[in-house]
Amino acid sequence: MIAVLKAQFEQYWSEREPRERKTLTTGAVVAGVALFYLLAIDPAYTGRISLEKSIPVQRQQLAEINALSVQYNQLAPLLSQGVEPVTKEMIESALSTRGLKAQTLSISDGTVKLQIQSAAYANVMEWVAEMQKSFRLVVEDAKLTGLAETGQVSVSFTMRQIRQGAN
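Take the sequence shown: its position 99, counted from the start at 1, is 365 in this note's numbering, and no numbers get skipped.
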């Protein structure tokens with residue numbers, strides 16, 4: 267089979283003019299070089315460019331992961347300590363220190379549900395941060411609605427208290 271193909275090619279080649287052979291050879295070399303470039307060089311080159319672009323991002327992500335790991339290691343002993351169960355009075359006191367008043371407030375089994383009709387967004391966010399630090403309350407559900415007055419929101423939160431390192 268190979269011998270037949272070789273004989274057919276030799277016959278085809280011998281029927282060509284020298285100038286035509288030169289053109290076909292040049293075309294074959296150009297096609298071979300292009301194929302080699304597309305299969306070997308271009309993927310490596312574009313992969314290298316992609317890696318060069320992603321390395322700084324990955325280094326930043328690694329730094330953030332390391333910072334979070336250090337923060338976790340610092341906070342882990344605190345999470346293992348018991349936390350006093352949150353009470354309605356504690357929440358109301360914390361709200362009043364920020365000048366906030368809950369329209370509705372209910373607490374059951376470490377779950378706090380509250381609604382505030384109108385409050386400054388910044389005060390609400392500071393209060394949430396304080397609740398996370400002081401009482402280990404994590405936000406499970408939040409609904410914030412912007413009001414007509416600039417910076418004012420209506421909020422509804424469901425928060426859960428994390429105790430004894432349990433979720």
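No residue lacks a Cβ here, since even glycine has one placed at the ideal position from N, Cα and C.
Is the beta carbon of A386 less than 7 Å from the beta carbon of G412? Taking the sequence shown and counting its residues from 1, one reaches residue 386 at position 120. Taking the sequence shown and counting its residues from 1, one reaches residue 412 at position 146. Result no, Cβ atoms of A386 and G412 do not sit closer than 7 Å.
Inter-residue spacing [alpha-carbon to alpha-carbon] between Q274 and R325: On the sequence shown, position 8 is the one that residue 274 refers to. On the sequence shown, position 59 is the one that residue 325 refers to. Cα to Cα, the separation comes out at about 59 Å.
Quick check on the burial criterion: 16 or more other C-beta atoms within 10 angstroms. Buried or exposed for M397? By 1-based counting over the sequence shown, the position of residue 397 is 131. With 16 or more Cβ atoms within 10 Å of its Cβ, M397 is classed as buried.
Would you check if the segment 365 to 373 and the segment 298 to 314 touch, i.e. whether three or more CB-CB distances between them fall below 8 Å? No: the two stretches stay apart, fewer than three of their Cβ pairs being nearer than 8 Å.
Can you list, in chain order, the residues of its chain whose CB lies under 8 Å from that of W392, leaving out five sequence neighbours each side? Numbered from 1 along the sequence shown, position 126 holds the residue referred to as residue 392. Looking at the sequence provided, one finds Glu at residue 392 rather than Trp. Closer than 8 Å at Cβ, skipping near neighbours: R364.
Suppose you measure from the CA of S374 to the CA of S362; what does that come to, to the nearest Å? In the sequence shown, residue 374 corresponds to position 108, counting from 1. In the sequence shown, residue 362 corresponds to position 96, counting from 1. Taking the straight line joining both Cα atoms gives about 21 Å.
By the 10 Å Cβ neighbour count, where 16 or more other Cβ atoms means buried, how is F302 classified, buried or exposed? Numbered from 1 along the sequence shown, position 36 holds the residue referred to as residue 302. It is exposed - the Cβ of F302 has fewer than 16 other Cβ atoms within 10 Å.
State the beta-bridge partners of K409 as determined by DSSP. By 1-based counting over the sequence shown, the position of residue 409 is 143. Answer by DSSP bridge pairing, in chain order: S422.
Name the DSSP bridge partner or partners of V394? If you number the sequence shown from 1, residue 394 lands on position 128. V394 pairs with nothing; no bridge assigned.
Alpha helix (DSSP H) segment containing K354, residue limits: Your numbering for residue 354 matches position 88 in the sequence shown. Looking at the DSSP string, the run of the alpha helix (DSSP H) that includes K354 is K354 to T363.
Sub-7 Å separation of F423 and L380 beta-carbons: Taking the first residue of the sequence shown as position 1, residue 423 is located at position 157. Taking the first residue of the sequence shown as position 1, residue 380 is located at position 114. In contact: F423 and L380 (Cβ atoms closer than 7 Å).
Ends of the beta strand (DSSP E) at K272? As a first step, residue 272 is located in the sequence shown; it is residue number 6 there, counting from the start. It is not in any beta strand (DSSP E) - K272 instead sits in the alpha helix (DSSP H) that spans I268 to S280.
Cβ shell of V421 (< 6 Å), same chain only, five flanking positions each side left out: In the sequence shown, residue 421 corresponds to position 155, counting from 1. Closer than 6 Å at the Cβ level, and outside the excluded window around V421, lie I382, V390 and L410.
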